[in-house]
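Comments concern the structure below.
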Ligand code: NA7
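In this note's numbering, the protein residues as written are 17 to 557.
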C-alpha cells in the first residue's frame, strides 16, 4: 500500500494546539522520530482560531498552562487571572519557540485520510495537497472544539452585510462602531462576546434560542508582585491541582460546580435560606446547592430561583424572563461571565427570544423572525462546535478490514477504551477522546496526563519489541459502561439535556455523554493500573 514517495516517521501527530505541541516535545525527547501536521498557518489550535472579542479561558492562567517544565512556567508572564485568547495564543507561540518545536511541524497541512496497513503495521496518512506519510503510530491531537458548527438557516448566503463566524474572526479585527449587529448563539462564546460587542456596536440584537446559566466572576489583572508570589509557590499550586478532581484547584467553571455538590440540598432549604443565598451571591446563590446535579426537581427549583436572581439584575421583566433558562443546570458548561446580564440593561441592546419568536430566515438585509424583520449590518454566528468527535470524523480514518472510524462512531456512538484508543484501530492514540476527562476538567491538566501515558506506552512497545497495540472490544464496552454509569445518577442524562457534551447539539449525532466524570486523579489511577498490568484491555502483538 505504501508508495516509494511516502515519507517515513516513527510517529505522526495531527494538530499543533496544546496537545500536539506537548506530544511532539515528549515523543522527540524519547527519541521517537515525529512530525506534526497542522492545518493552520501557526500553532495554537482552538486558541488560534477563536479570536472573537471577549474570548477567554474559564480557568485561571497559572493552572491552564503546561506544568511539565518549571522553566516555562517561571519564565512566561501572565497578565490576568483568567487569560484572554491573545495571551494564550502568544503563550503557545512562546512554548513552540522555547522548545524549538517548529522545525518538526508542517503548517498549512490538512490531513484528509489515515489508513492502517495491516501487513506493514503502519499508518499511511495523506494530506489535502496529496502528500503521503507513513508512521508506526498516529497521535490524534486534533482538538475537542475544533470543528465549528455552522447553522443551516434559510437565506444565510443571501445576506448582503457582513457575516462573521466566531471561530474564524478576522485577524485584523473589525470595526463595529455605529453598526447594527445581530448575534446568534448564547453559549460560552456568545456570552463572552455579547458584552464586548454591546460596547462597540451602534445596536446589538441577540437572537437567543436557549438562555445560558452563567456564573458572574470578575477577571482582573495581576497586581504588582502577585504573579511572582504565585510562581514562588508553583510546586504547591501544581500539587493541589494534580490532586483535584477537575485538574484545577483554584477558581474555574468546574471547581465552582464541584463545590456546589458539597453544599446543603435546595429541597430542604427554607424560603428565607433561598432568598439569603441570591441576596448574597446573585445567580450563583440560586445554583449553589448540593442536590441540583442529582435531582431534577431540585434542579428545576434552582432554575426558578435563578430566574428571580436574573430579575434582580435585568430591569425589563420580559427580558429577564426570556433570559431564564428552561433546561436543567449542569447539562451545558456553566459560563464564567463578565457583566452579561447587565448588558441587557443597555439602551442599544435588544433580546429576541427565539422560543417565542423563531427565526424564519436570513434576508439580504437582516434576520426575519416570525414577528419582525430585524435590519442588520453584521450577523455574528456563535453557534458552537461538532465537539469531541468532529475533527476525527472529518478525516477518512480506516482501521482493520478497512473499517471506518466515522461509520463506527455514527452507528455505535463514540466508543473508546480509556478515552484514548478504539478497538479495530491499532496504534492510533487519541488525545482526550470521548470517555476521557477532557471537557469535564481543566483540559491542559487532562492532556498532559494523556500525552505522558501515550508516550510511556510507545516506549514500552519499543522496549518490548511489540509492533502493535490495540484496544479489545470487551474492554472498550466495559469502559463505556463505566463512564455511562458515572453520569447515570445525575441530571446530565436527563432527556432535556442537549449539548455538545452529549452530541445533542449536532442534528443526527448519536447521543452519549462524552466526558469522564470521576475526576483526573481517579482516571490517572485507572490508566496507570492498565499500564502496570502490561496494558490490560489491549492486545499487544
Ligand atoms: P455552544 O455552547 O454549543 O453554544 C452554541 C449556541 O448557539 C447555543 O446557544 C445554541 O442554541 C445556539 N445555536 C446553534 N444553532 C442555532 C440556530 N440555528 N439558531 C439559533 N441558535 C443556535 O457553543 P459555544 O461556542 O458557545 O461554546 C462551546 C465551548 O467552547 C464552551 O462550552 C467552552 O468549553 C468553550 P441551543 O443551545 O442549541 O438552543
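Where is the CB? At the ideal position from N, CA and C, for every residue including glycine.
Just so it is clear, the structure is predicted and the values come from calculations on it, not from any experiment.
Reduced DSSP category for residue i - H, G, I as helix; E, B as strand; rest coil
i, result
"residue 20", "Bear in mind that a pLDDT of 48 at residue 20, under 50, signals an unreliable position, so the model cannot answer this."
"residue 273", "helix"
"residue 184", "helix"
"residue 387", "coil"
"residue 323", "helix"
"residue 38", "helix"
"residue 191", "coil"
"residue 229", "coil"
"residue 56", "coil"
"residue 139", "strand"
"residue 471", "helix"
"residue 267", "coil"
"residue 539", "helix"
"residue 445", "strand"
"residue 509", "helix"
"residue 500", "helix"
"residue 476", "helix"
"residue 490", "helix"
Residue range of the beta strand (DSSP E) that includes residue i
i, result
"residue 310", "Careful: residue 310 lies outside any beta strand (DSSP E) and carries neither H nor E."
"residue 219", "219-224"
"residue 397", "394-397"
"residue 455", "Per DSSP, residue 455 belongs to no beta strand (DSSP E) and is neither H nor E."
"residue 49", "Element bounds for residue 49: n/a, residue is neither H nor E."
"residue 166", "That residue, residue 166, is in no beta strand (DSSP E); it is neither H nor E in DSSP."
"residue 156", "148-156"
"residue 439", "Unbroken run through residue 439: none, as it is neither H nor E."
"residue 487", "485-487"
"residue 402", "Per DSSP, residue 402 belongs to no beta strand (DSSP E) and is neither H nor E."
Pick from the options that is closest to residue i, judged by C-alpha positions
i, options, result
"residue 34", "160, 353, 322", "160"
"residue 503", "424, 529, 428", "529"
"residue 489", "438, 331, 273", "438"
"residue 486", "442, 456, 512", "442"
"residue 491", "512, 551, 433", "433"
"residue 153", "115, 239, 51, 224", "51"
"residue 300", "26, 328, 313", "328"
"residue 62", "256, 32, 427, 81", "32"
"residue 211", "373, 355, 478", "355"
"residue 238", "230, 232, 247, 231", "247"
"residue 314", "297, 339, 279", "279"
"residue 293", "321, 266, 219, 311", "321"
"residue 497", "145, 435, 101", "435"
"residue 168", "378, 273, 458, 413", "378"
"residue 527", "556, 416, 405", "405"
"residue 22", "150, 76, 100", "150"
"residue 126", "316, 295, 445, 158", "158"
"residue 74", "90, 100, 184", "100"
"residue 351", "235, 540, 374, 306", "235"
Opening and closing residue of the alpha helix (DSSP H) in which residue i lies
i, result
"residue 333", "333-338"
"residue 556", "First-last for residue 556: 554-556, but that is the beta strand (DSSP E), not the alpha helix (DSSP H)."
"residue 368", "Where residue 368 is concerned, there is no enclosing alpha helix (DSSP H), although the beta strand (DSSP E) it sits in stretches over 365-369."
"residue 104", "101-114"
"residue 294", "287-297"
"residue 247", "242-248"
"residue 84", "Run containing residue 84: none; DSSP gives neither H nor E here."
"residue 423", "421-428"
"residue 64", "62-65"
Identity of the residues DSSP links to residue i by a beta bridge
i, result
"residue 572", "This structure does not reach residue 572, given that the chain is present from 17 up to 557, and the question cannot be answered."
"residue 558", "Beyond the ends of the chain as shown, which are 17 and 557, falls residue 558; an answer cannot be given."
"residue 517", "Paired residue(s): none; residue 517 is not in a bridge."
"residue 130", "141, 413"
"residue 207", "Looking at the DSSP assignment, residue 207 forms no beta bridge with any residue, so it has no partner."
"residue 547", "Note: residue 547 sits in no beta bridge, so no partner."
"residue 353", "232"
"residue 253", "For residue 253, which the question treats as bridged, DSSP gives no partner whatsoever."
"residue 29", "52, 155"
is_contact[residue i, chain D] using C-beta, thresh 8 Å
i, result
"residue 337", "In summary, chain D is missing from the structure at hand, where a single protein chain is found."
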